[in-house]
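Novice:
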Amino acid sequence: MFETAINSNAATFGGSMVGKDPKWDRFDADGPKRNPATTNVKTERAVTSVDPDQTSKSMSDLLVRVGDQDQDAFRAVFDYFAPRLKAFLMGQGTSPQMAEEVVQETMVKIWRKADQYDPARAAASTWIFTIARNMRIDHLRKSNRPEPDMNDPAFIPDPEPLATEAISQAQDSAQLYAAMAELSEDQRAVLKLAYFEEKAHPEIADALGIPLGTVKSRIRLALKNIRSRIGDSE
Amino acid sequence: MTISHHPGEELLLDYVAGSLAETWSLAVATHLALCPMCRRTVSELEAVGGELVSAVAPVPVEDDLYDSIVAATNAAHEDSVSSRPVADSSGPNPILPEPLRSYLGGDVDSLEWRRLGLGAHQLPIPTGDELTTARLLRIPAGRPVPTHSHGGLELTLVLSGAFSDSTGTYGRGDLQEADESIDHQPQAALGEDCICLAVTDAPLRFKSLGARMVQPLIGI
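First to last, the sequence lines map onto chains U and W.
When we follow my numbering, the leftmost residue of the first sequence carries the number 603, and every step to the right adds one.
When we follow my numbering, the leftmost residue of the second sequence carries the number 896, and every step to the right adds one.
(1) Taking the C-alpha atoms as reference points, what is the distance between Cys-842(W) and Ala-678(U)?
(2) Buried or exposed for Asn-746(U), going by 16 or more other Cβ atoms inside 10 Å?
(3) How about Gln-789(U): is its C-beta nearer than 8 Å to some C-beta of chain W?
(4) So, under 8 Å CB-CB, Ile-832(U) and Leu-778(U) are touching, yes? Tell me the CB distance rounded to an integer number of Å.
(5) Using a C-beta to C-beta distance shorter than 8 Å, which residues of chain U count as neighbours of Gly-944(W)?
(6) Would you identify the three-state DSSP class for Arg-1010(W), choosing helix, strand or coil?
(7) List the residues of chain U whose Cβ lies closer than 8 Å to the Cβ of Glu-917(W), in chain order.
(8) The beta strand (DSSP E) spanning Phe-757(U) covers which residue range?
(9) Compute the beta-carbon to beta-carbon distance between Ile-964(W) and Phe-757(U), rounded to the nearest angstrom, for a pair I have assumed lies under 8 Å.
(10) Do Pro-994(W) and Thr-925(W) have their C-beta atoms within less than 8 Å of each other?
(11) Could you name the residues of chain U that Thr-968(W) contacts, counting a contact when the two beta carbons are closer than 9 Å?
(12) Keeping to the same chain, check which residues put their C-beta closer than 6 Å to that of Leu-793(U); ignore five residues upstream and five downstream.
(13) Name the two residues that bound the continuous alpha helix (DSSP H) containing Glu-707(U).
(14) Considering only residues of the same chain and omitting the five flanking positions on each side of Glu-941(W), which have a CB-CB separation below 7 Å?
(15) Work out the CA separation of Arg-1010(W) and Gly-1068(W) for me, nearest whole Å.
(16) Interface residues of chain U around Pro-931(W) at Cβ under 8 Å?
(17) Can you give me the C-alpha to C-alpha distance between Leu-1032(W) and Met-932(W), rounded to a whole angstrom?
(18) To the nearest whole angstrom, what separates the beta carbons of Ala-724(U) and Gly-669(U), a pair I think is in contact under 8 Å?
(19) Shorter than 8 Å from the beta carbon of Ala-1093(W) to some beta carbon of chain U?
(20) Could you confirm whether any beta carbon from chain W is found closer than 8 Å to the beta carbon of His-803(U)?
(21) Quick check: what's the CA-CA separation for Val-643(U) versus Pro-989(W)?
(22) Kindly give me the distance between the Cβ atoms of Val-937(W) and Leu-907(W), rounded to whole angstroms, as I take these residues to be in contact under 8 Å.
(23) Closest by CA to Asn-969(W), which one among Trp-713(U), Thr-657(U), Thr-696(U) and Ala-675(U)?
(24) Going by other Cβ atoms of all chains shown within 10 Å of its Cβ, with 16 needed for buried, is Gln-1080(W) buried or exposed?
(25) Starting from Gly-1063(W), trace the beta strand (DSSP E) both ways and give me its first and last residue.
(26) Relative to the C-alpha of Lys-711(U), which residue among Asp-740(U), Ala-809(U) and His-803(U) is closest?
(27) Roughly how far, in whole angstroms, is the beta-carbon of Lys-818(U) from the beta-carbon of Glu-1049(W), given that I think they are within contact range, below 8 Å?
(28) Please report whether the beta-carbon of Ala-1057(W) lies at a distance below 8 Å from any beta-carbon of chain U.
(29) Using a Cβ cut-off of 8 Å (strictly closer), state whether Leu-785(U) contacts chain W.
(30) Is the distance from the Cβ of Pro-685(U) to the Cβ of Pro-987(W) below 8 Å?
Laid out in structure tokens, this is it:
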């Protein structure tokens, strides 16, 4: 349905099956597991604990410190996120060099905008994801991403904060992690294609060799499972 | 005011993932400005994206990347003011929310509408996306939009007034997703003109001969 809604440049990834790619991640294989100590020299200084709860909390704290122009905190955020952002950006067939350029732009943006980061509103990984995504659209697609402006007088603000939003961000993140770890392999595969390769649904169907209806139902089911786990009754 | 027609989750997911082209995103983002509920869904989907990034197996970066970044942060800070036009002179309660208003350069009163026939007016909206068309439509109160079907997807976001068709009634903030299977005859509600943002990925096909003859002339 959205064939023309996607960027044709982003549509080629050699048809590889992401779900089978060994580079994929801590959710794969036998469920949630701790990352093995990284062998990458550049990331030795990364946060050593990969308990998702702890990592999320400490990343949020670090990002707040980056907002105060704390260079040690920035280095720690870089060590953790730069190699992950590179993997994320290479997901759509972008060359490693190009991916690093976008990582660089993303990190510079993080440095400059971290004082606007609000740990009560979003996990560090969420905030960084949105910046990297926007830089990717900017840089690789040379396109605008229209967004609402909360300072616009026509903007309808959120109603009274919902009770669930009082849950600490770290707890949210841990719940989300657990929810995603419980997804089936099929469901994770469609989500990864959607997020990492900028694939719209018809292309996901092509890449996985399954009908469009199946893609839609898997995505719907994946999101429903995640919602039910993070206690959102919607 | 309650919004009862929302973008489907697929559309929101594509918007969040960054795979939705600019013109569709304009309709989604303008709906989001009016819809806290969908903004909440978007936040959740962004959190899923953040989790996926955290969970991916890291790819080592070049040794000098960090130094390059530090150098870039120290470089003269280019003015990062967005490229959007400066604030227009809209009143305190603009009808067109951002980001749409900036695309048009002002609120509805300042626009130079083009006649579409049957009392309707339209205004094409320039975007960087050549495969789709965005336009603002103004249908006189109580009047029908010429019967049409779609070659592809159409998103219609109501900004003022309301319209009804066989699928329901759409008021401010409501977003209709229609595809080629829908052969609808929207009609503006009585009371006030219906102003809506319409995004299509293919020219609309009007059914009446008259409308078909003028179609090439008016570019709809």
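For every residue, glycine included, the Cβ atom is placed at its ideal position computed from N, Cα and C.
Specialist: In terms of the structure at hand:
(1) Given a span of 896 to 1115 for chain W in the structure shown, any question on residue 842(W) remains unanswerable.
(2) Here residue 746(U) is taken as the residue at index 144 of the first sequence, counted from 1. Asn-746(U) is buried by the Cβ-count criterion.
(3) Here residue 789(U) is taken as the residue at index 187 of the first sequence, counted from 1. Chain W, which has no Cβ nearer than 8 Å to the Cβ of Gln-789(U), makes this no.
(4) Residue mapping note: residue 832(U) aligns to position 230 of the first sequence, counting from 1. Residue mapping note: residue 778(U) aligns to position 176 of the first sequence, counting from 1. At roughly 6 Å, the Cβ-Cβ gap stays under 8 Å, so Ile-832(U) and Leu-778(U) are in contact.
(5) As a first step, residue 944(W) must be located in the second sequence, where it is residue number 49. Simply Thr-728, Phe-731, Thr-732, Arg-735 and Tyr-797.
(6) Here residue 1010(W) corresponds to residue number 115 of the second sequence, with the count starting at 1. If DSSP states are grouped into helix, strand and coil, Arg-1010(W) belongs with the strands.
(7) On the second sequence, position 22 is the one that residue 917(W) refers to. Result: Ser-745, Asn-746, Arg-747 and Pro-748.
(8) Numbered from 1 along the first sequence, position 155 holds the residue referred to as residue 757(U). Element bounds for Phe-757(U): n/a, residue is neither H nor E.
(9) In the second sequence, counting from the first residue as 1, residue 964(W) sits at position 69. In the first sequence, counting from the first residue as 1, residue 757(U) sits at position 155. The C-beta distance from Ile-964(W) to Phe-757(U) rounds to 33 Å, too long to fall under 8 Å, and the pair is not in contact.
(10) Numbered from 1 along the second sequence, position 99 holds the residue referred to as residue 994(W). Numbered from 1 along the second sequence, position 30 holds the residue referred to as residue 925(W). A contact, by the Cβ cut-off of 8 Å.
(11) The residue you call residue 968(W) lines up with position 73 of the second sequence. Within chain U, the residues near Thr-968(W) are Phe-676, Met-709, Val-710, Trp-713 and Arg-714.
(12) Counting from 1 along the first sequence, the entry for residue 793(U) is found at position 191. Result list for Leu-793(U): Ala-824, in chain order.
(13) Against the first sequence, residue 707(U) aligns to sequence position 105. Run containing Glu-707(U): 698 to 715, per the alpha helix (DSSP H) assignment.
(14) Here residue 941(W) corresponds to residue number 46 of the second sequence, with the count starting at 1. Close CB contacts of Glu-941(W) within its chain, under the 7 Å cut and outside five residues either way in sequence, are with Val-911 (chain order).
(15) Taking the second sequence and counting its residues from 1, the one referred to as residue 1068(W) is at position 173. Taking the second sequence and counting its residues from 1, the one referred to as residue 1010(W) is at position 115. When rounded, the distance between both Cα atoms is 24 Å.
(16) Within the second sequence, the letter at position 36 stands for residue 931(W). The contacting residues are Ile-758, Pro-759, Asp-760 and Pro-761.
(17) Taking the second sequence and counting its residues from 1, the one referred to as residue 1032(W) is at position 137. Taking the second sequence and counting its residues from 1, the one referred to as residue 932(W) is at position 37. If I take the Cα positions, the gap works out to 26 Å.
(18) To locate residue 724(U), count along the first sequence from 1; it is residue 122. To locate residue 669(U), count along the first sequence from 1; it is residue 67. No, Ala-724(U) and Gly-669(U) are not in contact; Cβ-Cβ is about 13 Å, not under 8 Å.
(19) Taking the second sequence and counting its residues from 1, one reaches residue 1093(W) at position 198. The C-beta of Ala-1093(W) comes no closer than 8 Å to any C-beta of chain U.
(20) The residue labelled residue 803(U) in the question sits at position 201 within the first sequence. Judged by the 8 Å Cβ criterion, His-803(U) is in contact with chain W.
(21) In the first sequence, residue 643(U) corresponds to position 41, counting from 1. In the second sequence, residue 989(W) corresponds to position 94, counting from 1. Reliability fails at Val-643(U), whose pLDDT of 40 lies under 50, so the model's placement of it is uncertain and the value that follows must be treated cautiously. Spanning the two alpha carbons is a distance of roughly 54 Å.
(22) As a position in the second sequence, residue 937(W) is number 42, starting the count at 1. As a position in the second sequence, residue 907(W) is number 12, starting the count at 1. The C-beta distance from Val-937(W) to Leu-907(W) rounds to 6 Å, short enough to fall under 8 Å.
(23) In the second sequence, counting from the first residue as 1, residue 969(W) sits at position 74. Here the closest residue by C-alpha is Trp-713(U).
(24) As a working note, residue 1080(W) is residue 185 in the second sequence. By the 10 Å Cβ count, Gln-1080(W) comes out exposed.
(25) Translated into positions along the second sequence, residue 1063(W) becomes position 168. Per DSSP, Gly-1063(W) belongs to the beta strand (DSSP E) from 1063 to 1065.
(26) By one-based count along the first sequence, residue 711(U) stands at place 109. The shortest Cα separation from Lys-711(U) among Asp-740(U), Ala-809(U) and His-803(U) belongs to Asp-740(U).
(27) Translated into positions along the first sequence, residue 818(U) becomes position 216. Translated into positions along the second sequence, residue 1049(W) becomes position 154. A Cβ-Cβ separation of about 19 Å leaves Lys-818(U) out of contact with Glu-1049(W) under the 8 Å criterion.
(28) Against the second sequence, residue 1057(W) aligns to sequence position 162. Interface with chain U (8 Å Cβ-Cβ cutoff): Ala-1057(W) is excluded.
(29) Start at 1 with the first residue of the first sequence, and residue 785(U) comes out as number 183. The beta carbon of Leu-785(U) does not come within 8 Å of any beta carbon belonging to chain W, so the residue lies off that interface.
(30) As a first step, residue 685(U) must be located in the first sequence, where it is residue number 83. As a first step, residue 987(W) must be located in the second sequence, where it is residue number 92. The answer is no: Cβ separation not under 8 Å.
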